[in-house]
Amino acid sequence: MDIKQTIKRQHLQDIEGQSARISSMMATIREVMLRPKDAKNAPVFGATQLATACEVDKSKITYRMNRGDLPEGKMRGNRREWTMEEALPWIREFRREQLRPEDAAAVTITVANFKGGVAKTTTAVTLAQGLAMRGHRVLVLDLDPQGSATTLFGVLPDAEVDAEHTAMKLFSGEEPDLTYAIRNTYWPGIDLVCAAPLLFGAEFALPARQTHDPGFEFWKVLDRGLDNARETHDVIIIDTPPALSYVTINALMAADGVLLPLPPSALDFASSAQFWDLFSDLCNQLVRSRGEDKIFEFIDVLLSRVEANDTASSVVRGWVLEGYGDKVLPIEIPKTAVAATASAEFGTVYDVARGSVSAKTLSRARDAYDRMCQLIEQQIQAVWALQQEQ
Ligand code: ADP
Ligand code: MG
15 MDIKQTIKRQ HLQDIEGQSA RISSMMATIR EVMLRPKDAK NAPVFGATQL
65 ATACEVDKSK ITYRMNRGDL PEGKMRGNRR EWTMEEALPW IREFRREQLR
115 PEDAAAVTIT VANFKGGVAK TTTAVTLAQG LAMRGHRVLV LDLDPQGSAT
165 TLFGVLPDAE VDAEHTAMKL FSGEEPDLTY AIRNTYWPGI DLVCAAPLLF
215 GAEFALPARQ THDPGFEFWK VLDRGLDNAR ETHDVIIIDT PPALSYVTIN
265 ALMAADGVLL PLPPSALDFA SSAQFWDLFS DLCNQLVRSR GEDKIFEFID
315 VLLSRVEAND TASSVVRGWV LEGYGDKVLP IEIPKTAVAA TASAEFGTVY
365 DVARGSVSAK TLSRARDAYD RMCQLIEQQI QAVWALQQEQ
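Position 99, counted from 1, in the sequence shown is what my numbering calls 113; the numbers after and before it change by one each time, with no gaps.
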């Protein structure tokens, strides 16, 4: 056996070469991804879909068309179509009772789990899209230096994101409020704060600020930095890195609600025990020990990537239900080829075009996410109702 051939020794130079090759591939992939024909597009609505989105009978849409005060869409053949931009005024008109009351603030939801690959990013982005389709103004805050959520919005973290597009300047203390970093996306109704590897710098900046100023409360930086967004947006969704970092602590402390995606596998269940362990230590150290309290309006456990008819996962599902009780959302997100197809296109189930997968598979996948969005919307509305009582 030729040892040299077997072990394929790599020098630093080879690693640099590898890095350059992947970067240039990503640039090409992105070019394809953003070619006019393939550029990311929000969904288009036919009359039936518009009626469903507005939660009214189709006849109401036809009737309201006569008034001419809402976008009339465009005829394509003999079918009328509305872009998402055109559909939103309709949805916001018919669903106005469901939207944020004027005197209420945005609800912040942090999607967290210290483990990678549990569907945090997929959940965060799909939830944002689902809520935006229901008429809410959503801000997605990507706090994972890997920038997966950023990539799903068609922005390339390495090439297109500078500190001023991320929360970095907030964490470093250069900016007191996150407004500077908010940009819009291809999806009307969703704004984005990007992430990129430079956000790792926050893991040094925050403890350094604490050292210089013992009175500095590093865990409140994001909470304070979101004050303005709580007025300009209805829902803020935070995607976090798979680690208990200074940034993740900020995301948890800024949250009104926490969403923990959890695939029903034994290893994921075991690592969720560590999440709760660290999370509760943290709350004790930062909050309880100062005689303060932190209220989470809701904490949801979402069974994600659930494989149907899998014996092992049905056993673990039993543990999850026993361990997390009524925190478990009454919906399971199935493991589906649609999600895989979608992520191959840097998208989600709401991005996948009809026709690229079978209609039945697509609607089964979307139904689960629709229900998830509906359940979470109800909790958001309950928080607004509470705010108004106070
Ligand atoms: P995390 O952010 O927790 O690391 P991701 O959202 O990036 O997790 O998901 C990890 C992988 O699992 C991705 O490749 C994603 O496309 C895939 N995935 C997520 N949800 C599903 C699902 N319901 N069915 C199949 N694959 C999924
Ligand atoms: Mg992620």
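Think of the CB as a built atom: it goes at the ideal place given N, C-alpha and C, for glycine as much as any other residue. Just so you know, these numbers come straight off a predicted model, no measurement behind them.
1. If you count every other CB in all the chains shown that lies within 10 Å of the CB of TYR77, and 16 or more means buried, which is it?
2. Whole alpha helix (DSSP H) runs in the stretch 313 to 394 with 4 or more residues, listed along the chain?
3. Over what stretch of residues does the beta strand (DSSP E) that includes GLY10 continue unbroken?
4. Taking 7 angstroms as the limit between beta carbons, can you name the residues of its chain near MET169, skipping five residues before and five after?
5. Could you tell me the alpha carbon to alpha carbon distance between ARG319 and SER285, rounded to whole angstroms?
6. Just to check my reading of the structure: MET98 and TRP201 have Cβ atoms closer than 8 angstroms, yes? What is that Cβ distance to the nearest angstrom?
7. Using CA coordinates, which residue listed in LEU102, ASP253 and GLN32 is at the minimum distance from THR122?
8. Roughly how far, in whole angstroms, is the beta-carbon of ASP365 from the beta-carbon of LYS54, given that I think they are within contact range, below 8 angstroms?
9. How about the stretch 386 to 398 and the stretch 113 to 121: do they share at least three Cβ pairs that are nearer than 8 angstroms?
10. As a quick exercise: from ASP16, THR199 and LEU274, pick the residue whose alpha carbon is nearest that of VAL154.
11. Jot down the residue ranges of each uninterrupted beta strand (DSSP E) in the stretch 79 to 135, minimum 3 residues, whole runs only, in chain order.
12. With three or more beta-carbon pairs closer than 8 angstroms as the criterion, would you say the stretch 211 to 221 touches the stretch 177 to 186?
13. Nearer than 7 angstroms: is that true of the beta carbon of THR135 relative to any heavy atom of the ligand MG?
14. Can you tell me which of the three DSSP states ASN264 falls into?
15. Which same chain residues, not among the five before or five after TYR194, have their C-beta less than 7 angstroms away from its C-beta?
16. Which term fits LEU400, buried or exposed, when burial requires 16 or more other beta carbons within 10 angstroms of its beta carbon?
17. Between VAL261 and the ligand ADP, is there a pair consisting of the residue's CB and a ligand heavy atom that are separated by less than 7 angstroms?
18. May I ask you to report which of helix, strand or coil DSSP gives GLY271?
19. Can you check whether the C-beta of ALA146 is within less than 8 angstroms of a C-beta belonging to chain D?
20. Count the CB pairs spanning the stretch 131 to 151 and the stretch 252 to 266 that are closer than 8 angstroms, and state whether there are at least three.
Taking the coordinates as given:
1. exposed
2. 325 to 338 and 351 to 358
3. Because the chain spans 15 through 404 in this model, residue 10 falls outside it and cannot be assessed.
4. For the record, residue 169 in the displayed sequence is Val; it is not Met. For VAL169, where only same-chain residues beyond five positions count, the Cβ hits under 7 angstroms are VAL175 and CYS208.
5. 16 angstroms
6. 7 angstroms
7. ASP253
8. 7 angstroms
9. yes
10. THR199
11. 88 to 90, 93 to 97 and 121 to 125
12. yes
13. yes
14. helix
15. GLU178 and LYS183
16. exposed
17. no
18. strand
19. Although the question refers to chain D, the structure presented lacks it and comprises just one protein chain.
20. yes
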